[in-house]
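First up is the structure itself, then whatever we jot down about it.
2 protein chains.
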Amino acid sequence: MRLRLACLGFGNVGRALVTMLAEKERDLRERYDLEVCYTGAFTRSAGGWSAPEGITPAALAASGWPTSGALPAGAQPFAGDALAFAATCPADALIEITTLNPQSGLPAIDHVRAALNAGRHVVTANKGPIAYAYRELRALAAEHGVALRFESTVMDGTPIFSMSEASLPATRIEGFRGPMNGTSNYVLGRMARGESLEEAVAGAQKIGIAEADPSNDLEGWDAAVKATVVANVLMGADLRPGDVVRDGLGAEAMRQAHAALPPGHALKQLAVVERDGDAVRARVELAALPLSNVFATLVPGETALLLHTDTMRDLTLIEGDGGPGQTAFGIVADLVNIARGRWTV
Amino acid sequence: MRLRLACLGFGNVGRALVTMLAEKERDLRERYDLEVCYTGAFTRSAGGWSAPEGITPAALAASGWPTSGALPAGAQPFAGDALAFAATCPADALIEITTLNPQSGLPAIDHVRAALNAGRHVVTANKGPIAYAYRELRALAAEHGVALRFESTVMDGTPIFSMSEASLPATRIEGFRGPMNGTSNYVLGRMARGESLEEAVAGAQKIGIAEADPSNDLEGWDAAVKATVVANVLMGADLRPGDVVRDGLGAEAMRQAHAALPPGHALKQLAVVERDGDAVRARVELAALPLSNVFATLVPGETALLLHTDTMRDLTLIEGDGGPGQTAFGIVADLVNIARGRWTV
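So the sequences go chain by chain: V and Z.
Here my numbering is used: position 230 in the first sequence is 290, and no number is missing along the way.
Here my numbering is used: position 235 in the second sequence is 295, and no number is missing along the way.
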């Protein structure tokens, strides 16, 4: 199968993806009969281009776009905006990797909807569309006979969704918990080593895992969005991130909890989701965990998810030292599963 | 798809499997279009039966066989031995859950070979055939156009193999490590709580996780067999359990290592497998891990595997409190993947 990709957003993940697709080109072709090319890309700052004949990942990586400023050979400038790009760029699959808006999921939802309506597969690493519009978009994908995949929305490319689909058949997920927000737990980890919250946040910003305004991470919005995605997809819930209880979070709460932490404990920001009769309840909390708790051993950069199931009891996945490369890998895995005709998550 | 099962071996796992298949009967039918029935079963002590019309899991569970001594309604005694049962019992799939012989893999290899030669799918929770004859049996399955699946050979039904197949495409496994033998690590955990090795072994025997002679566990044979399975399947190695270095193991070594353990450390029996150029090197060792190591937090009954990959870097799977139910679940997952036409591992 030849998949023509249109890539919306082209930051660290976009660059890691094109590099990985170039490196794995032969493996993808020989083992999965999958050949990919880029027929377009778009960023808010650099604008977009399209190339109906397709540009190989290796050629796109070599072009240095968008950093270089020059379009890849064979590309023409794309005249419209991001939504027009999603709807009209000639491609078989849209890769949605724009920046998350954790309070609304927009405009990424519109991008995904436009691509599905145009009969394109969608692979999104942007959590917004899945957190805010999963049921609608899933139905739309089914209506158009295309795939909607999103492995990289939670814990980078850690195989939460494809593992559940492929490896946990006939299984009811009763709940889950985990330190799902890397930035908060990076900051808490640095505080445990003696840094102030400000120093730890500055350190997180320096290595590129915290934004200029870290409140989405520290106040639990990012974890709430992730918890919503996992609850809605794996537990059949219909939550929105605003339904996730986020009490006692944020910078001041972290300072106080750190000061009050009993010896032999580690502070973690955890997402906790449980069934309560027919309902699903979700919260993000600061938890003082004994050092013997598996989550307490995670170092900055690691994230984890413990699934409670009715078949395998507790199953925990830990990602070591996540980053854009692993997010890119989740997108590659989604593309391979599209090529294999495995469309449902 | 209707799958007629012949079950060879019928201990704790066999009972857990029939119970789970009965409980999940509707889910399997509605979600995976899979209907299973038993057309035969065989144990060394109780002998065997066949029932060409098929017996539902619920009816078989209700019959109380083999404990009850009476054959299920509709079954006739099977006259031959285990090998004849594997070769001739009328079925679509053989479930191989006899007891492991860790030094040779026999006679389970012969059972699996006979079933594949008779054109039957095979699902084995017995590690022997995969540790000692994976390449041959995989080729035989391909020749006959049937499936050979074995999720439950390592860490019960923890989805090591199906996750790798479904979720880690185009990925090279560079190595892995983990406390893969539950019994040794149960014993070491009890010793850390103040019991003698003898008391801890007796405790493990009492709850049914150690055999009368625990040497296969304590001397690293069980872990060596598991490491061989994972190395051969996921890393393309061609090891045999005897190739796995097992220095400094066994009861006396455990006593000495426990006595010499530095404060702030936990003793674990680990399997460690690494690439060394084109070769794959495997060993089982007693390791003194700092308490901040994720493996050090595992309590008796938990097992874990850390995969080093070129795409996701480090990915760890932890199984909480494993047992026959989870082994049965891995068999159910294998059967579902057979029904879905996902035959390769």
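All C-beta atoms, glycine included, are put in the ideal place defined by N, C-alpha and C.
Rounded C-alpha distance that separates residue i from residue j
{"i": "V:Glu345", "j": "Z:Asp374", "result": "26 Å"}
{"i": "V:Ala201", "j": "V:Pro189", "result": "13 Å"}
{"i": "Z:Phe102", "j": "Z:Trp109", "result": "6 Å"}
{"i": "V:Ala330", "j": "Z:Asp273", "result": "It should be noted that the sequence gives Leu, not Ala, for residue 330 of chain V. Going from the Cα of V:Leu330 to the Cα of Z:Asp273 covers about 43 Å."}
{"i": "V:Gly263", "j": "V:Asn276", "result": "17 Å"}
{"i": "V:Asn72", "j": "V:Gly217", "result": "14 Å"}
{"i": "V:Ala139", "j": "V:Tyr98", "result": "17 Å"}
{"i": "Z:Ala135", "j": "Z:Glu90", "result": "28 Å"}
{"i": "Z:Thr363", "j": "Z:Ala287", "result": "13 Å"}
{"i": "Z:Val289", "j": "V:Ser212", "result": "29 Å"}
{"i": "Z:Ala356", "j": "Z:Met240", "result": "13 Å"}
{"i": "V:Arg195", "j": "V:Gly296", "result": "10 Å"}
{"i": "V:Gly382", "j": "V:Met215", "result": "7 Å"}
{"i": "V:Ala326", "j": "V:Ala313", "result": "15 Å"}
{"i": "V:Ala111", "j": "V:Ala142", "result": "16 Å"}
{"i": "V:Gly308", "j": "V:Gly280", "result": "10 Å"}
{"i": "V:Ala130", "j": "V:Gly74", "result": "17 Å"}
{"i": "Z:Gly235", "j": "Z:Glu259", "result": "35 Å"}
C-beta neighbour in chain Z for residue i, strict 8 Å
{"i": "V:Thr376", "result": "yes"}
{"i": "V:Lys328", "result": "no"}
{"i": "V:Thr363", "result": "no"}
{"i": "V:Glu95", "result": "no"}
{"i": "V:Gly74", "result": "no"}
{"i": "V:Arg253", "result": "no"}
{"i": "V:Ser352", "result": "yes"}
{"i": "V:Thr184", "result": "no"}
{"i": "V:Glu334", "result": "no"}
{"i": "V:Ser105", "result": "no"}
{"i": "V:Met372", "result": "yes"}
{"i": "V:Met295", "result": "no"}
{"i": "V:Ala226", "result": "yes"}
Interface residues of chain B facing residue i [CB-CB closer than 9 Å]
{"i": "V:Tyr92", "result": "Absent from the structure is chain B; the protein chains it does hold are V and Z."}
Supposed close pair residue i, residue j - CB separation, criterion 8 Å
{"i": "Z:Gly242", "j": "Z:Gly361", "result": "7 Å"}
{"i": "Z:Asp370", "j": "Z:Arg232", "result": "5 Å"}
{"i": "Z:Ala185", "j": "Z:Ile391", "result": "6 Å"}
{"i": "V:Ala151", "j": "V:Ala66", "result": "4 Å"}
{"i": "Z:Ala284", "j": "Z:Val304", "result": "4 Å"}
{"i": "Z:Ser164", "j": "V:Ala393", "result": "Actually they are not in contact, since the Cβ atoms of Z:Ser164 and V:Ala393 sit about 38 Å apart, beyond 8 Å."}
{"i": "Z:Ala146", "j": "Z:Ala174", "result": "4 Å"}
{"i": "Z:Met372", "j": "V:Phe389", "result": "6 Å"}
{"i": "Z:Leu351", "j": "V:Leu351", "result": "7 Å"}
Min CB distance residue i to chain V below 8 Å
{"i": "Z:Asn292", "result": "no"}
{"i": "Z:Met61", "result": "no"}
{"i": "Z:Pro219", "result": "yes"}
{"i": "Z:Lys286", "result": "no"}
{"i": "Z:Ala348", "result": "no"}
{"i": "Z:Leu208", "result": "no"}
{"i": "Z:Leu65", "result": "no"}
{"i": "Z:Glu196", "result": "no"}
{"i": "Z:Asp273", "result": "no"}
{"i": "Z:Gly324", "result": "no"}
{"i": "Z:Met223", "result": "yes"}
{"i": "Z:Glu379", "result": "yes"}
{"i": "Z:Asp87", "result": "yes"}
{"i": "Z:Phe53", "result": "Any question about residue 53 of chain Z goes unanswered here, given that chain Z covers just 61 to 405."}
{"i": "Z:Val53", "result": "Limits of chain Z in this structure are 61 at one end and 405 at the other, which puts residue 53 of chain Z out of reach."}
Contact test: residue i Cβ vs the ligand SAH heavy atom, cutoff 7 Å
{"i": "Z:Asp273", "result": "The model depicted lacks the ligand SAH and carries no ligand whatsoever."}
Residue interval of the alpha helix (DSSP H) (run including residue i)
{"i": "Z:Ile169", "result": "Ala168 to Asn177"}
{"i": "Z:Gly74", "result": "Asn72 to Glu83"}
{"i": "Z:Glu17", "result": "Because residue 17 of chain Z is not part of the residues shown, which for chain Z are 61 to 405, the question remains open."}
{"i": "Z:Ile155", "result": "It is not in any alpha helix (DSSP H) - Z:Ile155 instead sits in the beta strand (DSSP E) that spans Ala153 to Glu156."}
{"i": "Z:Phe221", "result": "Ile220 to Ser227"}
{"i": "V:Arg315", "result": "Ala311 to Ala319"}
Span of the beta strand (DSSP E) around residue i
{"i": "V:Ala393", "result": "Counting along the chain, V:Ala393 falls outside any beta strand (DSSP E), though it belongs to the alpha helix (DSSP H) covering Pro384 to Ala399."}
{"i": "V:Leu346", "result": "Ala339 to Pro350"}
{"i": "Z:Glu362", "result": "Run containing Z:Glu362: none; DSSP gives neither H nor E here."}
{"i": "V:Arg180", "result": "Careful: V:Arg180 lies outside any beta strand (DSSP E) and carries neither H nor E."}
{"i": "Z:Val333", "result": "His325 to Asp336"}
{"i": "Z:Ala101", "result": "Glu95 to Thr103"}
{"i": "Z:Arg64", "result": "Arg62 to Leu68"}
**Asked** In the region 114–144 of chain V, which residue ranges form an unbroken alpha helix (DSSP H) of at least 4 residues, counting only runs that do not cross its ends?
**Response** Listed in chain order, they are 117–123.
**Asked** Counting only runs that start and end within the region 238–282 of chain V, where is the alpha helix (DSSP H) found for 4 or more residues in a row?
**Response** Complete alpha helix (DSSP H) runs here, min 4: 242–252, 257–266 and 275–278.
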